[in-house]
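Protein chains in written order, with this note's numbering: chain Z, 1 to 313; chain P, 314 to 626.
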């Protein structure tokens, strides 16, 4: 019996160490160094293609190392076993930190003040109150709800949009294709926390940016993407940042990661680029959560945070 | 009877307009255009010297346009009338926004990521959790308490220091000269929200920076000053930023404002400079508060937020 770490693009060693510490009695292996493929019962996966898993006939469950699971749907079919997402409170907290930091940074005009600083220019800019600024959250799951709580404490006006109807305290909620235009029309800072699904792929492009509040208190709308890069249309983001439809943006995710050297985004001074670090999977924390899930499954209790394969999240 | 606006270095017109809107039946005048000095009953003051007020013999009360009142103590004696501070909830919210923005910006290593961005460098930096970082607040008045509330929601560890003993939820509190070293020793991000008084003048310099936690999770301590510039020793701030005793700083206030063109701070890439905008006095909001105070005083009720002249705040 063994538990497999199958992470594409990440160093597996910290995961093996952390899992072994959380489950001292289990055998932990890192792909492709597997002694007996038939002994593999559980697999922790990140960005692995479905076909890779075909050689493990006795898999009982998969755990996705991240809040999103789109990285698993890029390839072929997955084995017919339960797939559970990681819902890590630290990961949620990290995401909220990043979102709140970026919202405040744009609200308090830090890009302009940094530019003034480089020119030794001491100039006070008009500053709206938080309650005069509407933050529009796309995606009202665990991450959206947590960010909304903090942004409300800071006094921002809040609007939310999701696929299906939702109700959140202090958030004016909209849903579906029919609700999108009204949601966008009064949004000053758009924050994307959506999962990547066939429906959200390429959802945020030129027409979305043009529908944002173009006469808001910040002198133009701001786009913040901490969801997935393929939800936005990157050429449209670049164009909107260049022609002023967007005043500024903060992007943690991109259509291709790492962001290619030739991307025009690097040259724009009204965008903040971070290398997909908004919410990072911490092996120490996640291994404890996965140990709990493995124990539950062994004791025939149901897994938490199961992915609905038909919705894709 | 009239109410006088006496603001040095600010444009008085927005104040006159906002006050007139809040008190349509009162006569509002802007210094030095005063029809009858003997008719002036109340004065709203910012950075005015005491002697200027000697020509108004019938003053009944002074209102300081800002949370601090140090700007009034620089000159000669003030008239023997009550002096009330402005405690504006919007001003507190603005200060909390700025402090939270700067704390998050350093916590999430935005200066390093911006530098990487300029070099098209996609590199993930190790990221501590908020609960692994101790924010140390100097000054536990209205502003310190409000910032502490938000920083706690974000998960930061909190320590506080004040002149006299205080108790705050979720904050490990220290006080007085005896408590300073212990407060500093575990502080990773030092936030100054102190008032400027003879006791705090020059309080934060080299020895304070050296006593901060030099082996914390952020790779060095951070100094954030949103109090008053003369609380820090600016040559010591520059030296500490240059020799690595401080990893970085965010400064909204300076010994001399505007920050002189020749200041070496402008050239440092590990400091964020904003032009005293953390908490700005909004004429609209403050005029409503002052109208309430004037009405209370006329009806022989006591003024709120009176300044204790012996403490200086």
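C-beta atoms are modelled at their ideal positions from N, C-alpha and C, and glycine is treated no differently.
Start and end residues, beta strand (DSSP E) containing residue i
i: residue 376/P; result: 374-377
i: residue 134/Z; result: 134-138
i: residue 536/P; result: 535-538
i: residue 584/P; result: 584-586
i: residue 359/P; result: 353-359
i: residue 523/P; result: Residue 523/P -> not in any beta strand (DSSP E); alpha helix (DSSP H) instead, spanning 519-524.
i: residue 190/Z; result: 189-192
i: residue 342/P; result: 341-343
For residue j and residue i, believed in contact at Cβ under 8 Å, the rounded distance
i: residue 504/P; j: residue 450/P; result: 5 Å
i: residue 246/Z; j: residue 208/Z; result: The Cβ separation is near 10 Å, so there is no contact.
i: residue 467/P; j: residue 304/Z; result: That pair is no contact at about 25 Å.
i: residue 403/P; j: residue 595/P; result: 6 Å
i: residue 570/P; j: residue 542/P; result: 7 Å
i: residue 306/Z; j: residue 86/Z; result: Not really, about 12 Å apart at Cβ, beyond 8 Å.
i: residue 149/Z; j: residue 193/Z; result: At roughly 13 Å, the Cβ-Cβ gap does not stay under 8 Å, so residue 149/Z and residue 193/Z are not in contact.
i: residue 383/P; j: residue 508/P; result: 7 Å
i: residue 62/Z; j: residue 83/Z; result: 5 Å
i: residue 583/P; j: residue 564/P; result: Their Cβ separation, rounded to whole angstroms, is 11 Å, which puts residue 583/P and residue 564/P out of contact at 8 Å.
i: residue 123/Z; j: residue 588/P; result: 6 Å
i: residue 3/Z; j: residue 41/Z; result: 7 Å
Straight-line gap, residue i to residue j (C-alpha atoms, nearest Å)
i: residue 92/Z; j: residue 373/P; result: 54 Å
i: residue 227/Z; j: residue 65/Z; result: 15 Å
i: residue 390/P; j: residue 445/P; result: 48 Å
i: residue 448/P; j: residue 494/P; result: 15 Å
i: residue 242/Z; j: residue 268/Z; result: 8 Å
i: residue 81/Z; j: residue 278/Z; result: 30 Å
i: residue 205/Z; j: residue 223/Z; result: 11 Å
i: residue 666/P; j: residue 370/P; result: The structure shown does not extend to residue 666/P, since chain P is modelled only from 314 to 626, so the question has no answer here.
i: residue 233/Z; j: residue 454/P; result: 47 Å
i: residue 202/Z; j: residue 231/Z; result: 5 Å
i: residue 585/P; j: residue 187/Z; result: 29 Å
i: residue 490/P; j: residue 513/P; result: 11 Å
i: residue 35/Z; j: residue 24/Z; result: 18 Å
i: residue 46/Z; j: residue 15/Z; result: 11 Å
i: residue 94/Z; j: residue 425/P; result: 18 Å
i: residue 284/Z; j: residue 18/Z; result: 5 Å
i: residue 249/Z; j: residue 11/Z; result: 30 Å
i: residue 340/P; j: residue 614/P; result: 21 Å
i: residue 476/P; j: residue 550/P; result: 22 Å
i: residue 486/P; j: residue 473/P; result: 5 Å
i: residue 552/P; j: residue 578/P; result: 10 Å
i: residue 314/P; j: residue 625/P; result: 29 Å
i: residue 511/P; j: residue 623/P; result: 11 Å
i: residue 488/P; j: residue 480/P; result: 10 Å
i: residue 441/P; j: residue 319/P; result: 48 Å
i: residue 314/Z; j: residue 401/P; result: The requested residue 314/Z does not occur in the structure, where chain Z is confined to residues 1 to 313.
i: residue 568/P; j: residue 548/P; result: 10 Å
i: residue 114/Z; j: residue 419/P; result: 14 Å
Start and end residues, alpha helix (DSSP H) containing residue i
i: residue 603/P; result: 596-611
i: residue 323/P; result: Note, residue 323/P: premise wrong, no alpha helix (DSSP H); not H, not E.
i: residue 113/Z; result: 110-118
i: residue 461/P; result: 455-466
i: residue 406/P; result: 402-420
Beta-ladder partner(s) of residue i, from DSSP
i: residue 544/P; result: Answer is none; residue 544/P lacks a bridge partner.
i: residue 172/Z; result: 159/Z
i: residue 397/P; result: 376/P, 619/P
i: residue 248/Z; result: 222/Z
i: residue 315/P; result: 353/P
Cβ of residue i within 8 Å of any chain B Cβ
i: residue 88/Z; result: In summary, chain B is missing from the structure at hand, where the protein chains are Z and P.
When you check each C-beta in the stretch 273-288 of chain Z against every C-beta of chain P, which residues fall closer than 7 Å? Listed by position along the chain: 273, 274, 275, 277, 280.
Can you give me, in chain order, the residues of the stretch 455-468 of chain P that have a beta carbon less than 7 Å from any beta carbon in chain Z? From the stretch 455-468 of chain P, only 463, 466, 467, 468 have a Cβ closer than 7 Å to chain Z.
What residues in the stretch 216-247 of chain Z bring their beta carbon closer than 7 Å to a beta carbon of chain P? For the stretch 216-247 of chain Z, the set of residues with a beta-carbon nearer than 7 Å to any beta-carbon of chain P is empty.
Along the stretch 422-451 of chain P, where does the CB come closer than 8 Å to a CB of chain Z? Name the residues. Those residues of the stretch 422-451 of chain P that come within reach of chain Z (Cβ to Cβ, closer than 8 Å) are 423, 426, 427, 429, 430, 433, 435, 436, 437, 438, 440, 442, 443.
Near-chain Z residues of the stretch 411-422 of chain P - C-beta to any C-beta below 8 Å: If the cut-off is 8 Å between Cβ atoms, the stretch 411-422 of chain P has 411, 413, 414, 417, 418, 420, 421 near chain Z.
Using Cβ-Cβ distances below 7 Å, what residues of the stretch 254-270 of chain Z are close to chain P? Cβ contacts with chain P come from 258, 259, 261, 266.
Compile a chain-ordered list of the residues in the stretch 325-340 of chain P whose CB is closer than 9 Å to at least one CB of chain Z. Within the stretch 325-340 of chain P, no residue qualifies.
Using a Cβ-Cβ cutoff of 8 Å, what residues of the stretch 68-94 of chain Z are near chain P? List them in chain order. So the close ones are 90, 93, 94.
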